[in-house]
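Note that my numbering numbers the sequence shown so that position 182 is 182, with each residue one more than the last. Inspection log for the structure reproduced underneath, given as structure tokens.
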Amino acid sequence: MTTLRLAFAYLASRPLATILHVLMLALGVATAAFLLLFTSQAEERLARDAKPVDLVVGAKGSPLQLILSSVFHVDMPTGNIGLEESKAISRHPMVASATPVALGDSYRGHRIVGTDASFLGLYDAKVAAGRPFKEEMEVVVGSEVARRHQLAPGAKIVGSHGLAQAGPGHDEDPFEVVGVLAPTGTVIDRLVLTPVESVWHVHEHHGGAQPAPPAAAPTQGGRLEITALLVKYRTPLAAAMLPRLVNSSTSMQAASPAFESARLLDMVGVGVQTLQWFAAVMMASAALSVFVALTSALQERRYDLALLRTLGARPLRLASLSLAEGVTLLVSGVILGLALGHGAAHALGLWLAQSGSWPLAGLAWAPGEAMLVAAVFAGGFATCLVPAVQAYLSDPASLLAKR
């Protein structure tokens with residue numbers, strides 16, 4: 001019988017203990033793998049979505065909320081700003097470009113964003129079918145929106161009042177789809193884009209309705225409003241001067257997507273680090289349990305091992321037998337853990353994709369996973385070496401004499 005088959009036979013003789021050791025290690029590896037997938041893809045996605053925008057100018061309130069609503073499109077806006085006041089920022093010599101954003105409506109959970117043609121340029125978005133929007137009530141839909149709802153140029157869609165999927169519909173003011181964007185891997189894939197005038201038009205016609213908080217629309221005094229302005233700097237010096245100018249001398253606020261994204265990751269990082277420590281403790285406990293199991297198994301089978309020595313088995317063969325048991329548990333736990341971690345990430349990604357959120361790719365390989373697997377194997381192998389050395393140094397004559 002080969003060493004590996006004998007090791008499998010020994011493990012099969014204690015099925016409950018073997019399963020528990022493998023499961024404990026697998027749960028630790030699965031937790032660590034899932035966190036690596038989630039954090040690496042979240043950081044990459046935040047950086048990719050925020051990179052085109054240097055500064056966001058909007059209504060005063062929470063800077064993080066302003067970034068989440070106007071750049072990542074996952075929160076409610078802080079309010080509206082006057083169009084004329086925002087134009088003063090657009091004309092500033094330190095501003096290379098300023099893209100308006102008007103929020104207030106949605107289509108089946110996807111934000112309808114009132115903007116202009118420069119929004120496409122921010123994300124290097126190309127029209128895959130049809131053409132860009134030109135006239136009022138024309139829309140261009142992102143690739144994810146078109147895929148989920150089977151939209152093509154010529155289709156008619158009706159927006160819902162507010163930024164939630166369950167809001168009342170604007171049946172009297174349907175939009176016409178004139179273009180579908182090619183996939184970019186950014187937030188624009190999940191948006192419906194239309195001229196700012198479309199948002200004003202819809203909300204002018206529904207002035208008596210309950211307003212969507214907040215709806216970018218003309219006020220009762222006739223003042224035109226937008227939700228935010230996405231700014232790109234002309235010079236690096238603008239990063240130090242322009243936000244201070246906006247915050248101190250206007251009724252608006254300026255927020256940096258890069259800074260707020262880093263702050264968001266720091267806040268989320270506390271919970272992630274806690275879970276990472278939990279996973280590390282689980283894996284350490286699993287390694288300790290494997291060590292105890294191999295040591296106790298060695299004690300239980302010491303007479304069997306002594307008999308194998310008398311039958312001609314070399315000390316290295318006995319050490320290899322103990323090592324094969326530990327490595328089998330280790331490999332089984334790591335493979336099962338990676339499968340569970342990636343499976344959980346894939347399932348969550350499917351659910352997020354169906355709900356219109358950013359997709360999580362469970363079938364991808366996170367940058368830190370190779371290091372995780374290497375660390376688990378190194379620690380586990382070191383743990384298995386101690387019983388293996390004990391088996392190698394065992395004295396069959398003294399053991400059989402005690403028998």
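Glycine residues also receive a C-beta, built at the ideal position from the N, C-alpha and C atoms. Owing to the predicted nature of the structure, the values given are computational and were not obtained by experimental measurement.
Leaving out five residues before and five after residue i in sequence, what residues of the same chain have Cβ atoms less than 7 Å from its Cβ?
i    : result
P213 : Note that P213 has pLDDT 43, beneath the 50 cutoff, so the model's placement of it is unreliable and the number below is only indicative. Correct list, in chain order: M76.
E197 : E136
D49  : V71, F72, T186 and V187
I226 : N80, I81, L83, S86, P100, V101, A102, V196 and A216
A42  : none
P174 : K156, I157 and V158
P131 : For the sequence presented, residue 131 should be read as Arg rather than Pro. Counting only Cβ-Cβ distances below 7 Å, and skipping sequence neighbours, we find V178 and G179.
A129 : A152, P153, G179 and V180
To which residues of the same chain is residue i closer than 8 Å at the C-beta, ignoring the five residues directly before and after it?
i    : result
L288 : T383
E135 : P195
L385 : L323
V95  : I89, V231, K232, Y233, R234, A238 and L242
D116 : T99, P100, P195 and V196
S40  : A366, P367 and G368
Provide the residue span of the alpha helix (DSSP H) that contains residue i, from first to last.
i    : result
E135 : That residue, E135, is in no alpha helix (DSSP H); it is neither H nor E in DSSP.
V246 : A238 to S249
A146 : S143 to H149
Just how far apart, CA to CA, sit residue i and residue j?
i    : j    : result
I81  : Q354 : 33 Å
G159 : H149 : 13 Å
P183 : F119 : 15 Å
G208 : P195 : The predicted position of G208 is uncertain, since its pLDDT is 40 and thus under 50; a value taken from the coordinates is nonetheless stated next. Distance between the alpha carbons of G208 and P195 is about 23 Å.
A215 : L103 : Its pLDDT being 48, under 50, A215 is placed unreliably by the model, and the measurement read from it follows with that caveat. Each residue's alpha carbon lies about 6 Å from the other.
M267 : E260 : 10 Å
T235 : D124 : 21 Å
A366 : L36  : 6 Å
V272 : R263 : 14 Å
A280 : V290 : 15 Å
V53  : S251 : 21 Å
Q220 : R45  : Any reading at Q220 is ruled out, since the residue's pLDDT is 49, under 50, leaving its predicted position unreliable.
R317 : V327 : 15 Å
S90  : E84  : 10 Å
Q210 : E176 : Caution applies to Q210, whose pLDDT of 40 falls short of 50 and renders its modelled position unreliable; the value that the coordinates give is listed next. Taking the straight line joining both Cα atoms gives about 25 Å.
G154 : K87  : 33 Å
P63  : A255 : 5 Å
K126 : V140 : 11 Å
L406 : A364 : Only positions 1 to 403 of the chain appear in this structure, which leaves residue 406 out of reach.
G368 : A32  : 10 Å
G269 : Q276 : 10 Å
L20  : S285 : 12 Å
W200 : L348 : 37 Å
M282 : S13  : 25 Å
L230 : G28  : 42 Å
A9   : A17  : 14 Å
E325 : P15  : 13 Å
I335 : A7   : 18 Å
K51  : A258 : 7 Å
S69  : R5   : 59 Å
N247 : Q253 : 5 Å
H92  : F278 : 51 Å
If you drop the 5 nearest sequence neighbours on each side, which residues of the same chain put their C-beta closer than 6 Å to that of residue i?
i    : result
R111 : H73 and L191
G61  : T78
G142 : L181, I188, D189, R190 and L191
A30  : G337, L340 and G341
A146 : V180
G333 : V22, L25 and A26
A345 : F34, L37, L360 and G362
G380 : A287 and L330
L66  : V56, G58, T78 and A255
In terms of residues, what are the limits of the beta strand (DSSP E) holding residue i?
i    : result
R111 : H110 to T115
A129 : V127 to G130
L120 : No beta strand (DSSP E) contains L120, which is instead part of the alpha helix (DSSP H) from S118 to L122.
V158 : Unbroken run through V158: none, as it is neither H nor E.
T194 : V192 to P195
V178 : F175 to L181
A228 : A228 to Y233
A366 : Element bounds for A366: n/a, residue is neither H nor E.
For residue i, decide whether its Cβ has a neighbour in chain B, counting only Cβ atoms nearer than 7 Å.
i    : result
A378 : Annotation note: the requested chain B is absent from the structure, which comprises a single protein chain.
Along the chain, which unbroken stretches of the beta strand (DSSP E) at least 3 residues long are found entirely within the segment 49-101?
-> As far as the segment 49-101 is concerned, its whole beta strand (DSSP E) runs of at least 3 residues are 55-59.
Kindly confirm or deny that the segment 44-63 and the segment 372-382 touch, where touching means at least three C-beta pairs closer than 8 Å.
-> no
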